[in-house]
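**Q**
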Amino acid sequence: MKMKEIPTLPQDIIIEILIRLPLKTLLKFRSVSKSWLYLLSDAQFHKTHISFSMNNPKFTDCTLAAIPTVSGLGKICHVYTISSDNSSVILSKHGCPSKTLSLSAWILGSCNGLICLTSDCFNLMLLNPCTGKFSLFPDLMIEYEVGDGGVHIRYGFGYDASTDDYKVVKMFSFPRIDNEGRHVNMVSVYSLKGSSWSSIQGFDSGHVNGNVGVFANGVLHWEGCYDYVSGGVSSEIVTLDLAKEIYGRIALPRYEGGGITWTLGESRGRLVACCNYESNKADMWVLKEYGVEKTWTKVVTISSPDDRRVNISPLFVAENGDEVLVKLGTEVTLYNSRNASFKRIADYVSTDDFLQVQVTTYMESLASPHI
0 MKMKEIPTLP
10 QDIIIEILIR
20 LPLKTLLKFR
30 SVSKSWLYLL
40 SDAQFHKTHI
50 SFSMNNPKFT
60 DCTLAAIPTV
70 SGLGKICHVY
80 TISSDNSSVI
90 LSKHGCPSKT
100 LSLSAWILGS
110 CNGLICLTSD
120 CFNLMLLNPC
130 TGKFSLFPDL
140 MIEYEVGDGG
150 VHIRYGFGYD
160 ASTDDYKVVK
170 MFSFPRIDNE
180 GRHVNMVSVY
190 SLKGSSWSSI
200 QGFDSGHVNG
210 NVGVFANGVL
220 HWEGCYDYVS
230 GGVSSEIVTL
240 DLAKEIYGRI
250 ALPRYEGGGI
260 TWTLGESRGR
270 LVACCNYESN
280 KADMWVLKEY
290 GVEKTWTKVV
300 TISSPDDRRV
310 NISPLFVAEN
320 GDEVLVKLGT
330 EVTLYNSRNA
340 SFKRIADYVS
350 TDDFLQVQVT
360 TYMESLASPH
370 I
């Protein structure tokens, strides 16, 4: 008896099925056949998979990677998969995905499953931790005169959808001696597609805090503040649109009086701002609709679990804000607002006074660090 042929599904149906599967399954499927390897290596499939994941977060697990650094030396040693329903955040620990992560590194940002880091020998690295693939390119070095206020160097990393290009921003920020609280910022952009650095128009601002900008909605965000000689302080978010290369500002939510420090983050595609007060508490806000400042919504108030004065940085927020993942000093902690409890996920202890902990969250993808 003649056997029936197994029907072949149309290519578009196969793609619709594949983009809904866990990344670990897709990595295994690359060994099924040459045609599947070709499909799963195709840049257009990567874009389709990323677009689906961003628009359907219930199908997508976020991943957290932490680098504890002592005197500038460290490696990514803790990796967690973050899954979430409407109110809860669930973390599961797994091994370091690649030996390429054992390096002296600083995290400069993450986007579409790629992490940008500093590396050795004045190079930068673009890494996909899930596939282990990476590319190296030169950091920007320029000569400049340093005044009494020194220079502050800031970075940012993101994706320009208009040109299908990943970009790194490097900012040299100099205090102005003729204007209280203001800085002059020289800005350059590295294009992965063009394999080169180029200078763009700079801008004046307050002091740009945070070494790394937060990427959301095609825009990089840094917290800026003005320290006036009269004693007043005002804060805002300074932005750079990667496609248009236009700077902007976003007003921060209203906050209580007293000394404060703002930290920024991104969760589920939304901008998150955390207002840290001197009284060891913090208000966490989510910008529900990007560009509409009146949609800042306070999701939780967190009181520090002890008397330490440490800033709280947002990492991941459950949909209704019942649980939030934060960096608390050198700890990665899950805060439950229903019972005001803290669950320590990772704590990095060292006798070295120069211990710092960098943490980033990223969406797992097959995106290539090469364009």
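According to numbering that gives the first Met the number 0, the sequence shown is numbered sequentially starting from 0.
Even glycine gets a Cβ: it sits at the ideal position worked out from N, Cα and C.
#1: Output the boundary residues of the beta strand (DSSP E) element that contains residue 139.
#2: Identify which residue in 308, 315, 283, 314 has its Cα closest to the Cα of residue 301.
#3: Does the segment 239-254 come within contact of the segment 208-225, defined as at least 3 CB pairs closer than 8 Å?
#4: Please name the residue in 333, 200, 47, 249 whose C-alpha comes closest to that of residue 293.
#5: For residue 308 and residue 40, I'd like the C-alpha separation in whole angstroms.
#6: Closest by CA to residue 155, which one among 161, 334, 116?
#7: For residue 99 and residue 256, I'd like the C-alpha separation in whole angstroms.
#8: For residue 45, does the three-state DSSP call read helix, strand or coil?
#9: Starting from residue 302, trace the beta strand (DSSP E) both ways and give me its first and last residue.
#10: According to DSSP, is residue 376 helix, strand or coil?
#11: Measuring alpha carbon to alpha carbon, tell me which residue in 168, 150, 157, 111 is nearest residue 137.
#12: Find the nearest neighbour of residue 276 within the set 303, 159, 43, 263, judged by alpha-carbon distance.
#13: For residue 233, is the classification buried or exposed, using 16 other Cβ atoms within 10 angstroms of its Cβ as the cut-off for buried?
#14: Measure the CB-CB distance between residue 336 and residue 273 and report whether it falls below 8 Å.
#15: Rounded to the nearest angstrom, what separates residue 349 and residue 106 at their Cα positions?
#16: Between 163, 158, 183, which lies nearest to residue 170 when the distance is taken from Cα to Cα?
#17: Determine the closest residue to residue 162 out of 21, 190, 29, 27, with distance taken between C-alpha atoms.
#18: Based on DSSP bridge pairs, tell me the residues matched to residue 225.
#19: When we look at the beta-carbon of residue 366 and count the other beta-carbons within 10 Å, is it buried (16 or more) or exposed?
#20: Can the beta-carbon of residue 291 be found less than 8 Å from the beta-carbon of residue 320?
#21: Between residue 166 and residue 157, what straight-line distance do the alpha-carbon atoms span, to the nearest angstrom?
#22: Here's the rule I'm using: 16 or more other beta-carbon atoms within 10 Å means buried, otherwise exposed. How should residue 245 be labelled?
#23: What's the call for residue 326, buried or exposed, on a 16-neighbour Cβ count within 10 Å?
#24: Taking the alpha-carbon positions, what's the residue 341 to residue 135 distance?
#25: When DSSP labels each residue in this structure, what does residue 34 get in the three-state scheme?
#26: Among residues of its own chain, excluding the 5 on either side of residue 28, which ones have a beta-carbon nearer than 7 Å to its beta-carbon?
#27: Smallest Cα separation from residue 153: which of 197, 132, 222?
#28: Using the beta-carbon count (16 or more within 10 Å), is residue 66 buried or exposed?
#29: Within the segment 269-298, note down every full beta strand (DSSP E) run reaching 3 residues or more, in order along the chain.
#30: Would you kindly work out how many angstroms separate the C-alpha atoms of residue 164 and residue 369, rounded to a whole number?
#31: Classify residue 12 as helix, strand or coil using the three-state DSSP reduction.
#32: How about residue 186 and residue 151: are their beta carbons less than 8 Å apart?
#33: Rounded to whole angstroms, what's the CA-CA distance from residue 204 to residue 46? Just pull it up for me.
#34: For residue 360, name the three-state secondary structure that DSSP assigns.
#35: Please list the terminal residues of the continuous beta strand (DSSP E) segment that includes residue 332.
#36: If residue 364 and residue 111 are in contact, beta carbons under 8 Å, what's the gap, nearest whole angstrom?
**A** In brief:
#1: First-last for residue 139: undefined, no H or E at that position.
#2: 283
#3: yes
#4: 249
#5: 47 Å
#6: 116
#7: Bear in mind that the predicted position of residue 99 carries a pLDDT of just 47, short of 50, making it too unreliable to give a figure here.
#8: helix
#9: 295-302
#10: One cannot answer for residue 376 here, as it falls past the ends of the chain, which runs 0 to 370.
#11: Of 168, 150, 157, 111, the residue nearest in Cα terms is 168.
#12: 303
#13: The residue is exposed, with fewer than 16 neighbouring Cβ atoms inside 10 Å.
#14: no
#15: Residue placement at residue 349 cannot be trusted, given a pLDDT of 47 that sits under 50; what the coordinates show is reported in the next sentence. So the two alpha carbons sit approximately 20 Å from each other.
#16: 183
#17: 190
#18: In the DSSP output, where bridge partners are listed per residue, residue 225 has 233.
#19: buried
#20: Residue 320 sits away from residue 291, with the two beta carbons spaced by 8 Å or more.
#21: Rounded to whole angstroms, residue 166 and residue 157 show a C-alpha spacing of 6 Å.
#22: exposed
#23: buried
#24: 39 Å
#25: helix
#26: 35, 39
#27: Among 197, 132, 222, the Cα nearest to that of residue 153 is on 222.
#28: buried
#29: 269-276, 280-286
#30: 10 Å
#31: helix
#32: no
#33: 35 Å
#34: strand
#35: 330-335
#36: Their Cβ separation, rounded to whole angstroms, is 6 Å, which keeps residue 364 and residue 111 in contact under 8 Å.
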